[in-house]
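So the structure is just underneath, and the comments pick up after that.
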Amino acid sequence: MDAMNALSSHVMARFSELHKMKSEGCKIVGYIPTGYVPEELVLACGAVPVGLIRGGDHTEVELAGAYVPRWLDTFCRAQIGYLLSQSDPLYEMIDTLVVSVTDTNIRAIAECCSCYTDMPVFTFGVPHTMTEDGFKYYLAGIARLKDKLEEMTGIEITSSRLKESIELCNKEKELLREISLTRRSHPSLLKAKDFIGLHHASFLVDKGAMVGVLKSLLKELKQKVASPSDGPRLLLTGSSIAFGDDKVLDLIEQCAGQVVIEEFSEGIRPYWWTVQPNGNLMEALADCYFRRRVHPAWFRPGRERLDFLVKLAKDFDVAGVIWYQMMYRDSYDIEAFYFRDILQKETGLSMLTIESDYDPGETEVFRNRIETFIDSLRR
Amino acid sequence: MTTQYVEFLKLCGFEDDELDGEGSRVDEAFVILGISSSDVEQAVKRVREFFDIELIGIRKALGVWIKQIADLVLAKKEGKVVIYSSFPPSGVVSLAATMARSDVYCQAPEVVLDIVMGQIFDKINPILHSGETHGLPPGLGHCSLNQARLGGIAMGICPIPDFTLSSSFGCDQTAKIDDLLHEVYGISTIFIDSCQDSEWNEFPTIAPRRIEYLGAQIRRGLDEVQKRLGVEISDQLIRAVRLEMAKLWHSWDQLLQLLRNDPLPISQVDLGLFFPMLFSPERRVLSEGTKLIGILQNELKGRTDKGIGGKGVAEKGSPRVLYMLSHVTEPKITRMLEESGLALCVPLLGVLSPTEFAKGGQEYVKLEERQAMAELKKGMFHSASAMIHRCKELCEHWKVDGVIINYPFSCRPYAIIPFMVKRGIQDELGIPALILETDWYDARSYTPGSLKTRVESFAQMLRAHKA
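First to last, the protein sequences are chains X and P.
One point on numbering: in our numbering, the residue at position 212 of the first sequence is 212, and numbering is uninterrupted.
Position in the second sequence (from 1) plus 1000 gives the number in our numbering.
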C-alpha cells in the first residue's frame, strides 16, 4: 500500500533527520514505551520523543548478561543490552532516557543505565493500584517530567503549546483506533505485522508525518477489497512486541492464521483512550494515561485487563487467543495460568501460551505449537 | 501429657505446661500436615545435627515455630479470622490487625511452612511441587516462597484465608499471586503499594513523595482492615505495635553485636530461625520473641566471655563475611558456607544498618508516614542504589573481609543488584565479593554440592588475602 511505502521512507530517513536536528541543538528524549510517558510533554518543549522498542535479537540480551543476571524479562534485558553496549545508533543518540517505572523489570532498565553509564536518566513511578493517592502520585510524576524537560530544553511548556501537542497526539491515536477497527471486517483489511509496524514507526517518525501517513492509510483501507482468507482470526496479547521481534507474527501468517487485534504492555501504543483537554491539561494527561486506560498485567488487581481482553476477543470475533510473552515477565506468566479458564468460560475460546527469550532456536518449536493450535481452531 | 511427640517437643524447648497446653494441638497439626511419627524421628535427628541445641534460646525458637505451624493449620478450625500477609509484610498493618482482635490470625504462611516443613522436617518439596502445579510452573523463574504459599493453600494445609494483605511495595510476583488466589479461590486482597522511582544515589535521603505515598497506602490498608474486622485500629494501637516492633528489633540488634566476637558464638543456621520471625512478626512472636532473644543473648554472652564458638562456626581468625541471608528451608547450605572456613557475621537483610538508626524524619507527624520512612530506610524497598549503599555501609560498620552476594535468582528486585553490589564493594571499598546465584527457599537445584566449589575457592582467596 502506498501509505506503508511512504512510512518506510520516513523511517529510513528518520535517523539522518534526528542526527541533523541534534546537531542543531534539538534534544532527543528516549523513553521506554510502556504507554505511560506522555509524548505530548516532550513535543511541547520542542524536543523529539523516541520510543526505544528494538528487540527480537538475542545478541543484545546476551550483552546485558554482563550487567544483570538472566532472570529478568527478555525485552528489558534487550533494552539494557542496547543502551549499555551502544550498538544501535538510535540508542546512542538520545540525550536523556525517561523511564516510567511500572514493574521491577522496567525499573531494571533505568537502574542499569544509572549505574553503568553517564546517561541522564529520569524516572517517575506508575502506581500499581487505582486510588486517588495513586492518581496524584502519577500526576506529580509527570509534573516533575515537565519541569525536567523545560530545564533540559530551556523552553517553557505553556498551555497553548501543550494543547497543540495533545491535539496532534490525540489525532494519531484516533487514526490508529479507526485503522484498528477496520480489522473487524472479515477478512481483516490489514495484516497484524503492518498494524504493529505502524506503532513501532510512530515511536520514531515525526508526529506530523505519522498522522499524514495514518490518514492516507485509512483512506486506502476504506477503498480496499481484502483478499479472501479462511484462516482463523486471532487475538495476540502479551507483555512486549518489539521492533524486530517478528518471529511469532511470521509463524502465525505462515500457518495461515490472521491476527486481527493485539494488546501489549510495550510496543503497542494505548490508542483506545485520548486526552480530553478540558480544564487543567496536566490532570487531563494523567486522566488519560493513568486513570482511564486499561493497565497491563502488573497492575493490581489485574482483572480489568482480562475483562478487556474478553471484550476484544468478542468484538473482533476471534477464534482463539495467542498469549505471547517474554521469559521471566512474572505478572504475565502468572496471569496466563488463570486467564485460560476465564477465557474458556466467558467465550468458549482456547488459548496458546508462548514464552520467548529471543532465542533463534525457539523458531521451530514455536512453529510446531502454533501450527497445531491453528489446526485445532480450524477443526 | 497429651502429645505423642514428647521427646521432639522437649527438644524444641517445650516446657511441661506447654506440652499439656499445646501438645495435642501440635499432634492435630501434624496429622493435617501429613507428618508421621517416622517424620518426627527424622526431625529429631535433623535438629540435633544442624541446630545448637545446647542453647535453650535456640530450642525455644524451634518451639515457637512448631507452635506457629499449629496456629497456622488450625486457625480456621479454631474459629479465627485468618489473614495472610505476604512476605516481607508491612509489619505494622499485619500486627495491628492481629492486635486489634484476639481472634485474628495474621501471618505469612509461606514463612512458617519454609521453616517448619523445610528446615525442621525436610518435607518442603511436595509443597513446592504443589505450587508448581497450581500456577507457578518450574523453569520460569518463579519465586519459591510464593510456590510454598500457593502450594500450601492448594494442598489444603493452609486454610483458605478471609483475605490477604499484599505488601506489593516489594515485588510484583507476590501481588500477582494474590490476584491468582482471588480468581481461583475467591480470596480478596488489600494491596499496599509503593513506587520505586527514586533518583540514583538519592539514598539515604528519601524523597518525601515516596514517604507520603507509601504512608497513604499503609493508612488505606489499616482503614480497610479496620472496616473488614469491624474494630477500631486506633493511633494508640499503632503506636503500641510500632513500639513492640522496635523493642523486638532493638533486642535483636543487641544480640547481634555479640557477632563482633571471634570466634562467632553462634552459627547463622541457628540465627536463621529468627530473621523470619522479625520480618514477619505475629502474635506468638510478640509474646515470646523478645524474651526468647534475651535468653539467647545471655547464653551467647556466656560464650563470648569464655571465647567459645558456636556449633558449626568457622575457627577463630577466619575471614569475616557479609552475606545476604541464611537459607530458609535447608540448613545444609548455610552450614556449607561456614564449613568452607567463613565466619558469617553479618546477614545483609537481618541486621539494622546505621541508616536505620540515624535520626531524622521528625517532620513526619503521621504514624503511617513514620512507618513508611522506617520501611524505606531498610533499602530493599527503596531502590537498587539503596541496597548498594546498605551493603557498603554494613561492610564498613562490621569491618568484614569479604562479601557473598548469595542472591535469590527468582526474586526480580534482587536479580537487578548482584553485579552492581559487587562493583560497589570491590571497586570502592576494595573488599572481595563473590556472586553466588542461589534460591533461598528451594534447595532442589541449588544444592550445597553445586555451590561448594565456588565458595571454597572464594574462602581460600579470602584467607590468603587476610594473611
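Yeah, the Cβ is synthetic: ideal placement off N, Cα and C, and Gly gets one too.
Among the options, the one whose alpha carbon lies nearest that of residue i
i	options	result
residue 217 of chain X	X:178, X:141, X:294	X:178
residue 338 of chain X	P:1160, P:1179, P:1007	P:1179
residue 1354 of chain P	P:1002, P:1409, P:1396	P:1396
residue 1169 of chain P	X:126, X:136, X:171	X:126
residue 70 of chain X	P:1416, P:1124, P:1447	P:1416
residue 979 of chain P	P:1135, P:1279, P:1374, P:1060	Because chain P spans 1001 through 1467 in this model, residue 979 of chain P falls outside it and cannot be assessed.
residue 1456 of chain P	P:1385, P:1336, P:1349	P:1336
residue 1351 of chain P	P:1254, P:1205, P:1235	P:1254
residue 1346 of chain P	P:1402, P:1388, P:1461, P:1302	P:1402
residue 1377 of chain P	P:1422, P:1263, P:1210	P:1210
residue 123 of chain X	X:129, X:130, X:103	X:103
residue 106 of chain X	X:366, X:87, X:50, X:329	X:329
residue 1121 of chain P	P:1214, P:1366, P:1466, P:1047	P:1047
residue 152 of chain X	X:199, X:173, X:98	X:98
residue 1242 of chain P	P:1371, P:1425, P:1390, P:1325	P:1371
residue 1023 of chain P	P:1051, P:1064, P:1050, P:1055	P:1064
residue 424 of chain X	X:28, X:73, X:128	Residue numbering for chain X in the displayed model covers 1 to 379; residue 424 of chain X lies beyond these limits and cannot be assessed.
residue 1157 of chain P	P:1225, P:1222, P:1076	P:1076
residue 240 of chain X	X:268, X:225, X:234	X:268
residue 1341 of chain P	P:1225, P:1460, P:1016	P:1460
Closer than 7 Å to chain X by CB, residue i
i	result
residue 1420 of chain P	yes
residue 1213 of chain P	yes
residue 1135 of chain P	yes
residue 1184 of chain P	yes
residue 1147 of chain P	no
residue 1275 of chain P	no
residue 1180 of chain P	yes
residue 1442 of chain P	no
residue 1413 of chain P	yes
residue 1193 of chain P	yes
residue 1433 of chain P	no
residue 1371 of chain P	no
residue 1216 of chain P	yes
Assumed close pair residue i, residue j - CB separation to whole angstroms, cut-off 8 Å
i	j	result
residue 101 of chain X	residue 188 of chain X	Contact doesn't hold; Cβ gap of about 36 Å is too wide.
residue 1032 of chain P	residue 1073 of chain P	5 Å
residue 163 of chain X	residue 277 of chain X	6 Å
residue 111 of chain X	residue 1383 of chain P	7 Å
residue 1244 of chain P	residue 1286 of chain P	5 Å
residue 1201 of chain P	residue 1174 of chain P	With 8 Å as the limit, residue 1201 of chain P and residue 1174 of chain P do not qualify as a contact, their Cβ atoms being about 27 Å apart.
residue 325 of chain X	residue 238 of chain X	4 Å
residue 1059 of chain P	residue 1081 of chain P	Actually they do not touch by this definition, with Cβ atoms about 31 Å apart.
residue 1343 of chain P	residue 1314 of chain P	5 Å
residue 1334 of chain P	residue 1268 of chain P	5 Å
Amino acids of chain X, ordered along the chain, whose beta-carbon sits closer than 8 Å to that of residue i
i	result
residue 1141 of chain P	71, 327, 328, 330
residue 1176 of chain P	297, 298, 300, 302, 330, 331, 334, 335
residue 1168 of chain P	128, 129, 300
residue 1234 of chain P	Ordered by position in chain X, no residue passes the 8 Å Cβ test against residue 1234 of chain P, which lies about 22 Å from the chain.
residue 1409 of chain P	69, 71
Within chain P, the residues that residue i reaches when beta carbons sit closer than 7 Å
i	result
residue 67 of chain X	1419
Contacts of residue i in chain P (Cβ-Cβ under 8 Å)
i	result
residue 111 of chain X	1200, 1383, 1384, 1385, 1416, 1420
Residue i at chain P interface by Cβ criterion, 7 Å
i	result
residue 137 of chain X	yes
residue 107 of chain X	yes
residue 128 of chain X	yes
residue 324 of chain X	no
residue 101 of chain X	yes
residue 104 of chain X	yes
residue 308 of chain X	no
residue 123 of chain X	yes
residue 289 of chain X	no
Beta-carbon neighbours of residue i, restricted to chain P and to distances below 9 Å
i	result
residue 114 of chain X	1199, 1200, 1201, 1384, 1385
Within chain X, the residues that residue i reaches when beta carbons sit closer than 7 Å
i	result
residue 1437 of chain P	69
residue 1171 of chain P	104
Problem set entry | Every unbroken alpha helix (DSSP H) inside the segment 134 to 188 of chain X [4 residues or more] | 159 to 181
Problem set entry | Runs of alpha helix (DSSP H) lying entirely within the segment 1075 to 1139 of chain P, each at least 4 residues, in chain order | 1091 to 1100, 1109 to 1113, 1125 to 1133
Exercise. Residue ranges of each alpha helix (DSSP H) run of no fewer than 4 residues wholly in the segment 1377 to 1431 of chain P, ordered along the chain?
Worked result: 1384 to 1398, 1412 to 1416, 1418 to 1423
Problem set entry | Start-end ranges of the alpha helix (DSSP H) lying completely within the segment 1163 to 1207 of chain P, minimum 4 residues | 1172 to 1185
Problem set entry | Completely contained beta strand (DSSP E) runs for the segment 264 to 331 of chain X, where each covers 3 or more residues | 320 to 326
Problem set entry | Continuous beta strand (DSSP E) assignments of at least 3 residues falling wholly in the segment 1322 to 1353 of chain P | 1343 to 1347
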